[in-house]
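Undergrad: Here you go, one structure.
There are 2 protein chains.
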Amino acid sequence: MKYSTIAIGDELLIGQVTDTNSGWIARHLTPLGWEPATVQVVADDAGEIERAIDRAFADTDVVLMTGGLGPTKDDITKGTLCRYFGGELVHNADVERNVEQVMAKRGLTVNEYTRTQAMVPSTCRVIQNEVGTAPIMWFERDGKVLISMPGVPHETRTMLERGVIPLLLERYHSGEDIEFRTLVVIGIIESDLAMRLDEFERALPKGIHLAYLPEPGLVRLRLTGISTDRETLNADMERLVEQLHELLGTASAGDGDLSVAEIVGNRLRDRKLTLATAESCTGGNIAHLITSVAGSSDYFMGSVVSYANEVKMNVLGVNGSDIEAVGAVSEPVVRQMAAGVCRLMGTDCGIATSGIAGPGGGTDEKPVGTVWMAACCGDRIVATVKHLPGDRARVIDRASTEAMLLLLSIL
Amino acid sequence: MKYSTIAIGDELLIGQVTDTNSGWIARHLTPLGWEPATVQVVADDAGEIERAIDRAFADTDVVLMTGGLGPTKDDITKGTLCRYFGGELVHNADVERNVEQVMAKRGLTVNEYTRTQAMVPSTCRVIQNEVGTAPIMWFERDGKVLISMPGVPHETRTMLERGVIPLLLERYHSGEDIEFRTLVVIGIIESDLAMRLDEFERALPKGIHLAYLPEPGLVRLRLTGISTDRETLNADMERLVEQLHELLGTASAGDGDLSVAEIVGNRLRDRKLTLATAESCTGGNIAHLITSVAGSSDYFMGSVVSYANEVKMNVLGVNGSDIEAVGAVSEPVVRQMAAGVCRLMGTDCGIATSGIAGPGGGTDEKPVGTVWMAACCGDRIVATVKHLPGDRARVIDRASTEAMLLLLSIL
Chain A
585 MKYSTIAIGD ELLIGQVTDT NSGWIARHLT PLGWEPATVQ VVADDAGEIE RAIDRAFADT
645 DVVLMTGGLG PTKDDITKGT LCRYFGGELV HNADVERNVE QVMAKRGLTV NEYTRTQAMV
705 PSTCRVIQNE VGTAPIMWFE RDGKVLISMP GVPHETRTML ERGVIPLLLE RYHSGEDIEF
765 RTLVVIGIIE SDLAMRLDEF ERALPKGIHL AYLPEPGLVR LRLTGISTDR ETLNADMERL
825 VEQLHELLGT ASAGDGDLSV AEIVGNRLRD RKLTLATAES CTGGNIAHLI TSVAGSSDYF
885 MGSVVSYANE VKMNVLGVNG SDIEAVGAVS EPVVRQMAAG VCRLMGTDCG IATSGIAGPG
945 GGTDEKPVGT VWMAACCGDR IVATVKHLPG DRARVIDRAS TEAMLLLLSI L
Chain B
585 MKYSTIAIGD ELLIGQVTDT NSGWIARHLT PLGWEPATVQ VVADDAGEIE RAIDRAFADT
645 DVVLMTGGLG PTKDDITKGT LCRYFGGELV HNADVERNVE QVMAKRGLTV NEYTRTQAMV
705 PSTCRVIQNE VGTAPIMWFE RDGKVLISMP GVPHETRTML ERGVIPLLLE RYHSGEDIEF
765 RTLVVIGIIE SDLAMRLDEF ERALPKGIHL AYLPEPGLVR LRLTGISTDR ETLNADMERL
825 VEQLHELLGT ASAGDGDLSV AEIVGNRLRD RKLTLATAES CTGGNIAHLI TSVAGSSDYF
885 MGSVVSYANE VKMNVLGVNG SDIEAVGAVS EPVVRQMAAG VCRLMGTDCG IATSGIAGPG
945 GGTDEKPVGT VWMAACCGDR IVATVKHLPG DRARVIDRAS TEAMLLLLSI L
C-alpha cells in the first residue's frame, strides 16, 4: 500500500521549523507494510494546498496531511479541504466539548479563536484530538482517503498512534495481520552482518522481509511480516527472532527500537548498576542523552563536565603531571576521569571523554576529531581512541555514541 | 524570485534521516529575496525523480536538488539528469583531481566507486565540491535552471555558501544589491514587539522589509533590503539598525543569527566572566548547548549534573535538610546549586536547574513541567519557577533556554 504525505506551513518552507512529522509517520507506517511515495511541503495557501492534494492523489490513494490547522490558520486549510471534498463548515458539539476539556487541562479558557476549531467540514469523519484543540479530519471520496492532522509534533505523534493508525488498519487491513520485530545489533558492520545473515535471508518465508537500518556504531534489523494466517505468522516471527539471536550471539543488544542511551539504561537497570559520566569534549551531551530517557534517575547519578583542566584535577582528581606530560586528550587522563567520577558520585560504572571537537585546537599529532574515551565497571576499565569525521556537532554526537558503546562492550 | 527544492533519498522518505537541507537552503535564500514554492522528498528512483523535476519546473524556473549522489546511488540521479537535460556522461579530469584531493585529506585512496564521481553529464556546468567527492552540477535549458547538490548536510551547507549562492547571485541579481541584518530581541513577546515597532515598520523605505521570527524566549528581527542603488541601501540599513537599537534598548541582545548559547557566550567573553552550570532536570543539556559553540572553553569551565540528591549535597554542597523540607525542586535548592557550582569550579557566573521533566514524578503541587532555575553572577543571584508545556524532551529543551535567558537578564 502506497501513501503520500503533505506538510503544510510557511514556517516549514522558509526553514524556520523542520518537518519531522513526515518521517515520524513513515517510521510508524513502514513496518505495517505501507510505502511512502512522496513528501510535499507547501505554503499556507489554498491554491498550493489544492495542487499538492491533486499531485498526491495522482500518485497514491491515501494522503496524510499535517499542519495548517492552528486557530489563526485553520480557515485556509479547513476551508480548502471543505471546498475540495464538497460540503460546508458545520458546528460539531463533540469537538467543542473536546476543545473545552483540552483548554481546561492547560488552565486556559476557550477564546474566540479556539472556538472556531469546532467548525468542521460536513464531509469529514472527525477523530477527536486528545492532546490539542485541532480535530483530526478523515475525508474519503471515490476510494481516495485524505487524513488531515495538526502540525504540532507531539499532537501529530500521539494522535497518529491513538487515532489514525487504528482506523487505517481497520480500513485497509481487514483480514490481514501485520507483525514486526526489531533487533539492535552492536559491533558488526552492515556488510559483515549481511554476509552472516545471507542464508537466513534466503530462507525467509513468503511475506516476511528483513531490513537493515544502519546508524553510527550499530545496525537495526527489522523483520516485517504480513499474512492472513495470524497463527502461522506469529510462530514464524518468533522462530526467526530466536534464529537471529542465535546467529548474532552477544552482538544482539536487545529487541525493539531502542536508542543507544536506552540500551545502556536497560542493561544498567537489569544488572542493578549505577552510572556517572565525566565529559570534556562531549560537554554534557552523554549525560543529556542518558537523562533524555524517562526513568533514568533509577541508574544515573550525575556527571562532571570538566571542560577546564582545573576541573579535571580539582573535581575529578586527575593527576596534573599527566596532563602536562601527555596532554588532556590522552589515555591516562580519560582513565583517571572515569575512575574519578565513579569515586566522586559513588557509582558502579563510569564513562569519560576527552578530545578535540574542533574547529580549532587540532595539531598534527592530535587532529580535530581525535577523541579518547574510557569506560569502567567495577574493577574493569577500558580505553580507546577514535578519529571521528565531520564538524564540531558531528564529532560531539559520534563521540557520545561511541563512548556509550564502549561501556556496553564491558557490561 | 521563486524556487523549488527536491530532496532525494529512500532514507529521507522512510524517516530514517530527516531532510534538513531544504530548510537550510531556505534560511540562506530567503534573505536574498528568494521565495521557496514547494519542497518535494522523493525516492532514489529515476521515474520519481523525473516527475518531481517536471512538477518543480511547472511551479518555478529554479530548482535546487539535494541528495542521491552517493557513489552507490549516483548512477540513478546523474543518469536521470543526463537523460532529462540531454547529453552523455563524460569523464571530467578536474573532478577526478578533486576526488583524489578530498580522499587524500581523509587519508583514503580512491576506489572504483568514488572514481565514478568523475563521470558527469556533458550538459552541466560543474562546481567543484571542496568538502566531498560528489560534484555539484548546474543544468540550464530554456531559461530553467536545476542545481544538483550532494545530500550530506555539511557538504550541502558548505557548497551552498561557497559555490551555489555566488553563482545564483551572478545569474539572477546582476545590478541588484541585497543586504540583510538580523537582531535578536529578548524579553519582549512578539505581539508587544509588533506594537512597539508599528511606526518604524510603516516608515520603512521601499524595497526594505522587516520579518518577525519568534522562538521560545526570544524574537529574531530580520531586515531584508534589495536595491539597485547600493550606497543608499547600505546607508538605509545602517540607519534602520541604529533606530531598532534605540527603540529596543536593552531588549536587543545583539546582531546576527545567534543562538541563545552564543549570546550567553559573547556576553561572557565581552565581560571577561566565566561560567559553570549545575543541572538536575536539564541533565547536562545546558552544558551541551554552551559547549556546542566553538571556542566556549574561553569562558565555560564545566558542569555538575546532579541527578541524584546525594550529588547535590556531596558535590555541590546543597543543604540536605532543605531538600527534606521543601524538596529538590525548590527555590532554596537551585540557589544553593548555582552558588555551589561557582564555588566548586571557581567561576564568576552559574546557572542551576531542578524540575520535573516527566512523564513520571509529577504531583498536584509540582506537576510535570515545573522547573525551578537560578542564575548568579558575582554577588547577584536570581531564581524563578517556570511551568513548561510538552513532553520530556520539550521540557528539557525549554528549561535549558529559559535558564540561559535568566542568566542573560543579570549579565
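Line by line, the protein sequences are chains A and B.
My numbering numbers the first residue of the first sequence as 585 and each following residue consecutively.
My numbering numbers the first residue of the second sequence as 585 and each following residue consecutively.
Just so it is clear, CB atoms sit at the ideal spot from N, CA and C, and this is done for glycine as well.
Computed from a prediction, not measured in an experiment: that's the story for all the values here.
1. Let me know the beta strand (DSSP E) ranges lying completely inside the segment 632–717 of chain B, each 3 residues or longer, listed in chain order.
2. Could you please tell me which residues of the segment 965–982 of chain A, in chain order, have their CB closer than 8 Å to any CB of chain B?
3. Considering only the beta carbon of each residue, do A958 (chain B) and A922 (chain B) sit closer than 8 Å?
4. Taking only beta-carbon positions, decide if G904 (chain A) is within less than 8 Å of chain B.
5. How is the beta strand (DSSP E) around P750 (chain A) delimited, first residue to last?
6. Taking a contact to mean a Cβ-Cβ separation below 8 Å, would you say I720 (chain A) touches M733 (chain A) in this structure?
7. Taking the alpha carbon of G939 (chain A) as the point to measure from, which residue in B:V626, B:S864, B:D761 and B:T875 has its own alpha carbon closest?
8. Just checking my contact of T931 (chain A) with L992 (chain A) at CB under 8 Å: how many whole Å lie between their CB atoms?
9. Among residues of its own chain, excluding the 5 on either side of P615 (chain A), which ones have a beta-carbon nearer than 7 Å to its beta-carbon?
10. Is the beta carbon of W618 (chain B) less than 8 Å from the beta carbon of M585 (chain B)?
11. At 4 residues or longer, what runs of the alpha helix (DSSP H) sit wholly inside the segment 899–972 of chain B?
12. If you scan the segment 814–840 of chain B from start to end, which runs of the alpha helix (DSSP H) of 4 or more residues do you find wholly inside it?
13. Taking any Cβ of chain B, which residues in the segment 876–907 of chain A have a Cβ under 9 Å from it, in chain order?
14. Mind checking the segment 639–670 of chain A against chain B and listing, in chain order, the residues whose C-beta falls within less than 7 Å of any C-beta there?
15. Taking just the CA atoms, how far does E634 (chain A) sit from G671 (chain A)?
16. Classify L996 (chain A): buried if its beta carbon has 16 or more other beta carbons within 10 angstroms, exposed otherwise.
17. Below 8 Å on C-beta distance, what does G801 (chain B) contact in chain A?
18. When the Cα atoms are used, what is the spatial distance from M897 (chain A) to A912 (chain A)?
19. Name the two residues that bound the continuous beta strand (DSSP E) containing V889 (chain A).
20. State the Cα-Cα distance for the pair L596 (chain B) and V625 (chain B), rounded to the nearest angstrom.
21. If the cut-off is 9 Å on Cβ atoms, which residues from the segment 847–877 of chain A count as contacting chain B, listed in chain order?
22. Under 8 Å between C-beta atoms, does P943 (chain A) make it to chain B?
23. Classify A642 (chain B): buried if its beta carbon has 16 or more other beta carbons within 10 angstroms, exposed otherwise.
24. Which same chain residues end up closer than 8 Å to T742 (chain A) when comparing Cβ atoms and leaving out the 5 residues on each side of it in sequence?
25. Quick one, which of B:I598, B:N605 and B:Q600 has its alpha-carbon nearest Q600 (chain A)'s?
26. Compile a chain-ordered list of the residues in the segment 910–938 of chain B whose CB is closer than 8 Å to at least one CB of chain A.
27. Might you give, ordered along the chain, the residues of its own chain that have their beta carbon closer than 7 Å to the beta carbon of I994 (chain A), omitting 5 neighbours on each side?
28. Indicate whether at least one CB of chain A lies closer than 8 Å to the CB of I810 (chain B).
29. For L751 (chain A), which of A:L802, A:K790, A:V710 and A:A688 has the nearest alpha-carbon?
30. Going by DSSP, which residues form a beta bridge with S775 (chain A)?
31. With 16 as the cutoff for other CB atoms within 10 Å, does V803 (chain A) come out buried or exposed?
32. Quick one: is E696 (chain A) buried, meaning 16 or more other Cβ sit within 10 Å of its Cβ, or exposed?
33. Looking only at its chain, what residues have a beta carbon closer than 7 Å to the beta carbon of R814 (chain A), apart from the 5 residues adjacent to it on each side?
34. Only counting the same chain, and skipping five residues up and downstream in sequence, which positions put a Cβ closer than 7 Å to that of L831 (chain A)?
35. Distance, Cα to Cα, V674 (chain A) vs C708 (chain A)?
36. Should W956 (chain B) be flagged as near chain A, meaning a C-beta pair shorter than 8 Å?
TA: Quick look at the numbers:
1. 646–650, 673–675, 703–705 and 709–711
2. P973, G974, D975, R976, A977, R978 and I980
3. Working through the second sequence from its first residue, we reach residue 958 (chain B) at position 374. Working through the second sequence from its first residue, we reach residue 922 (chain B) at position 338. Contact flag set, yes.
4. Counting from one through the first sequence, the residue named residue 904 (chain A) turns up at place 320. Output row for G904 (chain A): interface = no.
5. Position 166 of the first sequence, counted from the start, is the residue given in the question as residue 750 (chain A). That residue, P750 (chain A), is in no beta strand (DSSP E); its alpha helix (DSSP H) goes I749 to Y756.
6. Counted from its first residue, the first sequence places residue 720 (chain A) at position 136. Counted from its first residue, the first sequence places residue 733 (chain A) at position 149. Their beta carbons are under 8 Å apart, which means I720 (chain A) touches M733 (chain A) by this criterion.
7. Taking the first sequence and counting its residues from 1, one reaches residue 939 (chain A) at position 355. That would be B:T875, whose Cα lies nearest to the Cα of G939 (chain A).
8. Your numbering for residue 931 (chain A) matches position 347 in the first sequence. Your numbering for residue 992 (chain A) matches position 408 in the first sequence. The Cβ separation is near 16 Å, so there is no contact.
9. By one-based count along the first sequence, residue 615 (chain A) stands at place 31. Result list for P615 (chain A): F764, R806 and T808, in chain order.
10. Residue 618 (chain B) sits at position 34 when you count from the first residue of the second sequence. Residue 585 (chain B) sits at position 1 when you count from the first residue of the second sequence. Yes, Cβ-Cβ distance for W618 (chain B) and M585 (chain B) is below 8 Å.
11. 904–910 and 915–929
12. 814–832
13. S876, V877, A878, G879, S880, S881, F884, M885, G886, S887, V888, V889, S890, Y891, A892, E894, V895, K896, N898 and V899
14. R639
15. In the first sequence, residue 671 (chain A) corresponds to position 87, counting from 1. In the first sequence, residue 634 (chain A) corresponds to position 50, counting from 1. Answer to the nearest angstrom: the Cα atoms are 16 Å apart.
16. Residue 996 (chain A) is absent from the model: chain A starts at 585 and stops at 995.
17. Stepping through the second sequence from its first residue, residue 801 (chain B) is reached at position 217. Per Cβ cutoff of 8 Å: no residues; G801 (chain B) is ~15 Å from chain A at best.
18. Against the first sequence, residue 897 (chain A) aligns to sequence position 313. Against the first sequence, residue 912 (chain A) aligns to sequence position 328. Computed Cα separation, rounded: 10 Å.
19. Here residue 889 (chain A) refers to the residue found at position 305 of the first sequence. That run of the beta strand (DSSP E) goes F884 to S890.
20. Along the second sequence, read from residue 1 onward, the residue named residue 596 (chain B) stands at position 12. Along the second sequence, read from residue 1 onward, the residue named residue 625 (chain B) stands at position 41. Looking at the two C-alpha atoms, the distance is approximately 7 Å.
21. T858, A860, T861, E863, S864, C865, T866, G867, G868, N869, I870, A871, H872, L873, I874, T875, S876 and V877
22. If you number the first sequence from 1, residue 943 (chain A) lands on position 359. Yes, contact with chain B.
23. As a working note, residue 642 (chain B) is residue 58 in the second sequence. The residue is exposed, with fewer than 16 neighbouring Cβ atoms inside 10 Å.
24. Taking the first sequence and counting its residues from 1, the one referred to as residue 742 (chain A) is at position 158. If we look at T742 (chain A) and ignore the five residues flanking it on each side, its Cβ neighbours are E714 and V715.
25. One-based indexing of the first sequence puts residue 600 (chain A) at position 16. Out of B:I598, B:N605 and B:Q600, B:N605 has the C-alpha closest to the C-alpha of Q600 (chain A).
26. L928, M929 and G930
27. In the first sequence, residue 994 (chain A) corresponds to position 410, counting from 1. So the qualifying residues of the chain are A959, C961, R964 and V966.
28. In the second sequence, residue 810 (chain B) corresponds to position 226, counting from 1. Cβ-Cβ to chain A under 8 Å: no for I810 (chain B).
29. As a position in the first sequence, residue 751 (chain A) is number 167, starting the count at 1. Of the listed residues, the one whose Cα sits closest to L751 (chain A) is A:V710.
30. For this step, residue 775 (chain A) is matched to residue 191 along the first sequence. Paired residue(s): none; S775 (chain A) is not in a bridge.
31. Your numbering for residue 803 (chain A) matches position 219 in the first sequence. V803 (chain A) comes out buried.
32. Taking the first sequence and counting its residues from 1, one reaches residue 696 (chain A) at position 112. It counts as exposed.
33. In the first sequence, residue 814 (chain A) corresponds to position 230, counting from 1. If we look at R814 (chain A) and ignore the five residues flanking it on each side, its Cβ neighbours are D761.
34. Reading the first sequence from its first residue, position 247 is the one you call residue 831 (chain A). So the list reads R780, L781 and F784, once near-sequence residues are dropped.
35. Translated into the one-based positions of the first sequence, residue 674 (chain A) becomes position 90. Translated into the one-based positions of the first sequence, residue 708 (chain A) becomes position 124. Rounded to whole angstroms, V674 (chain A) to C708 (chain A) spans 11 Å at the Cα level.
36. The residue you call residue 956 (chain B) lines up with position 372 of the second sequence. Output row for W956 (chain B): interface = no.
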